[in-house]
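In our numbering, the protein residues as written are 4 to 235.
Heads up, the beta-carbon is just placed ideally off N, CA and C, and yes, glycines get one too.
From a predicted model like this one, the values you see are computed outputs, not experimental measurements.
Below is one structure, written out as structure tokens; comments come after it.
Structure (structure tokens):
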């Protein structure tokens, strides 16, 4: 089993930290009224955030993937125009849509490219997330828990937007294999992200996702028990 990066000799695969509960998210439910907590789910590239998000959804949580939001944004004419003006036609597929892999490679390779995309997309992602949270909290009954997957949550200083932050991480070797298996540059992508140990230190709960899906799902069960309506 892969330990969390702490000084304790024998360690569990998951942990909690003193910062388990953050201030009520400004985009979440009214702190004076009952309602679901809104968790931020983050972790480095190749850590298994998407698999964790699927596990939360299977357990009744309402989930939002930043990747899905970005996919929709790349259909927005304003975003398409800005991307074309900055990077040219080479980042578009033959059918006319944004080729996200080509765009990612180009943005990472060109000076200022990544910063441009972040400035273009992050405010729009934030507005979409706020609208989604408000919509979910208006449901009757509301879901037991809201989980937003945000890859650059700490890097973008978004922790105070959530009631708590949970982290899925993995050893560098495991993450590198996962990322390279899908044809991406692990070193280049991870160099733009906060070190995994720093994310774990800031998380309410964290899990080292080097093992089986069953182990990941057991951790998700523990998160649900702690944070979901009716949980501990």
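Which residues DSSP lists as bridging residue i, in chain order
i	result
residue 171	210
residue 152	44, 68
Continuous beta strand (DSSP E) stretch holding residue i: start and end
i	result
residue 193	No beta strand (DSSP E) contains residue 193, which is instead part of the alpha helix (DSSP H) from 189-193.
residue 42	40-45
Sub-7 Å separation of residue i and residue j beta-carbons
i	j	result
residue 41	residue 210	no
residue 150	residue 208	no
residue 1	residue 199	Nothing in the structure corresponds to residue 1, since the chain is present only between 4 and 235.
residue 178	residue 43	no
residue 127	residue 76	yes
residue 45	residue 124	no
residue 171	residue 51	yes
residue 191	residue 90	no
residue 232	residue 39	yes
residue 64	residue 139	no
residue 94	residue 109	yes
residue 135	residue 219	no
Residue range of the alpha helix (DSSP H) that includes residue i
i	result
residue 201	199-205
residue 79	Where residue 79 is concerned, there is no enclosing alpha helix (DSSP H), given that its DSSP letter is neither H nor E.
residue 228	216-230
residue 111	103-112
residue 95	Premise fails: residue 95 is in no alpha helix (DSSP H) and is neither H nor E.
residue 236	One cannot answer for residue 236 here, as it falls past the ends of the chain, which runs 4 to 235.
Cutoff 7 Å: residue i Cβ touching any chain B Cβ
i	result
residue 103	Although the question refers to chain B, the structure presented lacks it and comprises just one protein chain.
Exercise. Do the segment 121-138 and the segment 211-223 meet, that is, are 3 or more Cβ pairs less than 8 Å apart?
Worked result: Flag = no, the segment 121-138 and the segment 211-223 do not touch.
Exercise. Can at least three beta-carbon pairs, one atom from the segment 218-234 and one from the segment 46-61, be found at a separation below 8 Å?
Worked result: Touching, yes, given that three or more Cβ pairs across the two stretches are closer than 8 Å.
Exercise. At a cut of 8 Å, does the segment 135-154 reach the segment 177-184 through at least three beta carbon pairs?
Worked result: Too few Cβ pairs lie closer than 8 Å, so no.
Exercise. Which full runs of the beta strand (DSSP E) of 3+ residues lie inside the segment 114-161, going along the chain?
Worked result: For the segment 114-161, the continuous beta strand (DSSP E) assignments of 3+ residues that do not extend past its boundaries occur at 148-152, in sequence order.
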